[in-house]
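Written out below as structure tokens is the structure these notes cover.
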Amino acid sequence: KTYESILVERRGRVGLITLNRPQALNALNRQIMLDVTDAVAVFDADDSIGAMVITGSAKAFAAGADIKEMQPLGYVDIFKSDKFGPWDILTRTRKPIIAAVAGFALGGGCELAMMCDFILAADTAKFGQPEIKLGVTPGMGGTQRFTHAVGKAKAMEMCLTGRMMDAAEAERAGLVARIVEADKLLDDAIATAQTIASMSMPVAMMVKECINAAMNMPLNEGLRFEKRVFHSTFALADQKEGMQAFVDKRKADFKNI
Ligand code: HXC
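Residue numbers (the working numbering): 14 to 270.
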């Protein structure tokens with residue numbers, strides 16, 4: 014299947030989605046949203062895929078929602094259409110998704126990266142929520158996921174001034190998992206996704222679900238949820254295989270059952 018605004022490839026058990034609107038620094042218009050959400054749903058449903066990577070270009074992961082597309086809209090248009098609602102599918106995806114970010118990740122671009130399970134940043138990455146400069150607030154998690162990731166002080170300063178933070182600051186603040194040299198970003202992200210895809214897929218899905226529960230639940234409920242999930246892993250053939258492989262001093266060969 015080919016798409017208009019993204020490139021889609023399989024690298025082993027990894028599904029790679031590359032945002033591809035270079036003329037607009039990958040600004041997130043309706044077409045790119047339809048393309049990405051479709052590709053993610055297809056990979057999520059495909060047993061031969063264990064993890065996904067979403068990336069952009071060297072210059073921009075994505076420079077935000079498409080401002081030219083939003084400019085003419087009024088309140089009723091944007092309210093009725095819930096224009097950015099379809100992006101939510103990324104947060105319902107059960108397989109892990111890595112955002113590999115080089116260059117600008119601004120506004121909706123930063124929010125898209127934060128909807129992924131974690132961010133690997135090139136040393137060239139720049140993050141920001143500049144919506145306030147356009148006379149709007151963030152609308153896809155910029156005041157929420159950003160605050161969870163970096164804390165109130167930095168979230169307030171970033172969203173109120175619209176300034177950008179570089180990769181080093183983003184790593185210190187806890188927004189990104191790791192910084193990688195720009196020319197190694199994609200290889201590193203794919204290798205990381207491949208490592209995840211070599212684990213037991215149901216267990217990787219459970220880990221993702223547990224960590225997301227930590228973002229949404231009080232600690233006591235999250236701990237109870239985690240314990241129940243942990244107990245349930247002992248029903249898997251992959252638990253037997255993983256522990257037998259350790260005892261045998263060999264690499265586990267998970268069957269995803
Ligand atoms: C539409 C965009 C765009 C955007 C860049 N372009 N960002 N088009 N929407 N978000 C276009 C430019 O208009 C230009 O087109 C081309 O891409 C190259 O951009 P330049 O500005 O010439 O590049 P440069 O000078 O290198 O500056 C890069 C930049 C700047 C600093 C990233 O482009 C910029 O500030 N972009 C806007 C960032 C932003 O405000 N994002 C938040 C959007 S609001 P032409 O045709 O002139 O060559 C948002 C709300 C989300 O995301 C809410 C979701 C619910």
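Note that beta-carbon positions come from the ideal geometry of N, C-alpha and C, so glycine has one too.
If you draw a straight line from the Cα of S18 to the Cα of F259, it is about 45 Å long. With a 10 Å radius around the Cβ and a threshold of 16 neighbouring Cβ atoms, M256 comes out exposed. Pairwise C-beta distances place the region 125-136 in contact with the region 185-202, as three or more of them are shorter than 8 Å. Closest in alpha carbon position to G175, among E184, E239, T156, H161, is T156.
In the structure shown, L147 adopts helical secondary structure according to DSSP, grouped into three states. DSSP places G122 in the uninterrupted alpha helix (DSSP H) bounded by 121-128.
Short of 8 Å from the beta carbon of D59, and not among the five residues preceding or following it, lie these beta carbons of its own chain, in chain order: G28.
Comparing C-alpha distances from L103 to each of K72, T137, L38, E124 shows the shortest one belongs to E124. Looking at the DSSP output, V163 shares a beta bridge with no other residue. By the C-beta criterion, the region 48-65 is judged not to be in contact with the region 133-150, since fewer than 3 inter-stretch pairs fall below 8 Å. Residues Q142, E144 of the same chain have their beta carbon placed closer than 6 Å to that of P151, with the five preceding and five following residues left out of the count.
The criterion of a C-beta distance shorter than 9 Å is not satisfied by P35 and K93. Here the region 205-224 lies against the region 98-114, with 3 or more beta-carbon pairs under 8 Å apart. When distances are taken from the beta-carbon of A71 to the heavy atoms of the ligand HXC, even the shortest one reaches 8 Å or more.
In terms of Cβ geometry, L119 and M177 form a close pair [threshold 9 Å]. Where K139 is concerned, there is no enclosing alpha helix (DSSP H), although the beta strand (DSSP E) around it starts and stops at 139-141.
Closest option to A217, judged by alpha-carbon separation, among D79, D251, V114, R263: D251.
Contact residues of the ligand HXC (beta-carbon closer than 6 Å to any heavy atom; chain order) are A37, L38, A40, A76, G77, A78, D79, I80, K81, F97, F117, L119, G120, G121, P143, E144, L147, P151, G152, M153.
Separation of H161 and M127 (C-alpha to C-alpha, rounded to the nearest whole angstrom) is 10 Å.
For K146, the closest alpha carbon among the candidates F117, T137, C172, K264 is that of C172. Distance between D266 and R26, taken at the CA atoms: about 14 Å.
Rounded to the nearest angstrom, the Cβ distance from G121 to T137 is 19 Å, too far for a contact under 8 Å.
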